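I have placed the structure first, in the form of structure tokens, so that the comments after it can refer back to it.
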């Protein structure tokens, strides 16, 4: 499906987001928002890998302070469902099931976000699950936010070119997870194919279209196969990008399916991971 | 996020987790929340999850500013938590 998008500089963000939301709603008839590229008709309740229909549900909406310091406090809106199947997902049930949570009420969320911003929140963050699979709703939420709000798109960076086109110019910051340093780990832990190519394509695009922060969660036993490859690629291809190295892995959801993920991250690997980042000159942010 | 604390935070009773979701632990995980729908404007609800390790490390998910205040009070030497706490942030 071809989608005609208004160019970002021509209209205000709310107007742009509203027009994109309408285009995205129509695109649900042949959904290609994520890299699975399944093309199912979600308007007719056909289900692709994400299992999401036309409805968007919300499993959390609250002020949070656990993200990167330059983004907090943030009013974080978490949409149910995801296109990846990470066994270690910390919000497993809500992320794997688009039927979790409550029906989206955009006006109520906008009101709560406005209160949060008035009380000192720096940003409004859309996350999941994965918000890409709910692009129509995500864009409607963006349209309802105060014009001056700094909007953060927290994503697994597994979206399609169509999704990127719809998102262009809407969000101020892309906070993108770079989870796996190789396709074998991505396939084994998240049932994701061709992960590296897709991920890198999204990161390179985001770096030229918005502010980008790349986040990596250190996983036990994956320092050399994942973090080292992620760090080396970032140092080479995105040397000035902000990198958030997260050391708080805990064995959530189906982590026990994988022997190395049955424990939290040991201190020794964490120290080595930060030493590697320093040696490569990465722009780490807290 | 890794935080040092010597106290198990939480208000209200921990909600039992479904057995299918449970990972046999090396530590204790609890979800602390109140029950009304979080989207009801008259009933604000915040949810924070903690994993407390045997060495006293507290891992937090969906950390709220209010809970950051609590963790900072428990360990004032944790400089990173100071930046996350409301009362200290500029």
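Residue numbers (this note's numbering), protein chains in the order written: chain A, 11 to 296; chain B, 93 to 182. Where a beta carbon is used, it is the ideal one built from N, C-alpha and C, also for glycine. Please read all numbers here as calculations on a predicted model, not as lab measurements.
1. Among A:253, A:234, A:157, which has the Cα closest to the Cα of residue 213 of chain A?
2. Can you check which of these residues, A:284, A:176, A:223, is closest to residue 187 of chain A by C-alpha distance?
3. Could you name the residues of chain B that residue 260 of chain A contacts, counting a contact when the two beta carbons are closer than 7 Å?
4. On the three-state DSSP scale, how would you describe residue 36 of chain A?
5. So which residues on chain A does residue 176 of chain B lean against when the C-beta distance must stay under 8 Å?
6. Opposite residue 135 of chain A in the DSSP bridges: which residues?
7. Does the beta carbon of residue 166 of chain B come closer than 8 Å to any beta carbon on chain A?
8. With H, G and I counted as helix, E and B as strand and the rest as coil, what does DSSP make of residue 169 of chain B?
9. Specify the secondary structure class of residue 208 of chain A as computed by DSSP and reduced to three states.
10. Could you tell me whether any Cβ in chain B is nearer than 8 Å to the Cβ of residue 100 of chain A?
11. Per DSSP, what kind of secondary structure is residue 189 of chain A in: helix, strand or coil?
12. Helix, strand or coil for residue 293 of chain A, going by three-state DSSP, please let me know.
13. Chain A beta carbons: is any one of them nearer than 8 Å to that of residue 162 of chain B?
14. Given 8 Å as the limit, is there contact between the region 153-165 of chain A and the region 124-144 of chain A, that is, 3 or more CB pairs closer than that?
15. In whole angstroms, what separates the C-alpha of residue 147 of chain B from that of residue 277 of chain A?
16. Just to confirm, is the Cβ distance from residue 111 of chain A to residue 142 of chain A under 8 Å?
17. Using the beta-carbon count (16 or more within 10 Å), is residue 102 of chain A buried or exposed?
So, to answer that:
1. Indexing the first chain from 1 puts residue 213 of chain A at position 203. When only C-alpha atoms are compared, the closest one is A:253.
2. By 1-based counting over the first chain, the position of residue 187 of chain A is 177. When each option's Cα is compared against that of residue 187 of chain A, the closest is A:223.
3. One-based indexing of the first chain puts residue 260 of chain A at position 250. 143, 151, listed in chain order.
4. Residue 36 of chain A sits at position 26 when you count from the first residue of the first chain. In the structure shown, residue 36 of chain A sits in a helix (DSSP, three-state: H, G or I).
5. For this step, residue 176 of chain B is matched to residue 84 along the second chain. Here the neighbours are 75, 76, 79, 82.
6. Against the first chain, residue 135 of chain A aligns to sequence position 125. Partner(s): A:86, A:162.
7. The residue labelled residue 166 of chain B in the question sits at position 74 within the second chain. Residue 166 of chain B does not count as touching chain A.
8. Stepping through the second chain from its first residue, residue 169 of chain B is reached at position 77. Residue 169 of chain B falls in the coil class under three-state DSSP.
9. As a working mapping, residue 208 of chain A is identified with position 198 in the first chain. Reduced to three states, the DSSP call for residue 208 of chain A is helix.
10. Taking the first chain and counting its residues from 1, the one referred to as residue 100 of chain A is at position 90. Residue 100 of chain A counts as touching chain B.
11. As a working mapping, residue 189 of chain A is identified with position 179 in the first chain. Coil at residue 189 of chain A, not helix or strand.
12. Here the question's residue 293 of chain A lines up with position 283 in the first chain. DSSP places residue 293 of chain A in strand when its eight states are reduced to three.
13. Position 70 of the second chain, counted from the first residue, corresponds to residue 162 of chain B. Closer than 8 Å: no.
14. yes
15. On the second chain, position 55 is the one that residue 147 of chain B refers to. On the first chain, position 267 is the one that residue 277 of chain A refers to. So the two alpha carbons sit approximately 11 Å from each other.
16. Taking the first chain and counting its residues from 1, the one referred to as residue 111 of chain A is at position 101. Taking the first chain and counting its residues from 1, the one referred to as residue 142 of chain A is at position 132. For residue 111 of chain A and residue 142 of chain A, no; Cβs fall outside 8 Å.
17. To locate residue 102 of chain A, count along the first chain from 1; it is residue 92. Buried, by the Cβ-count rule.
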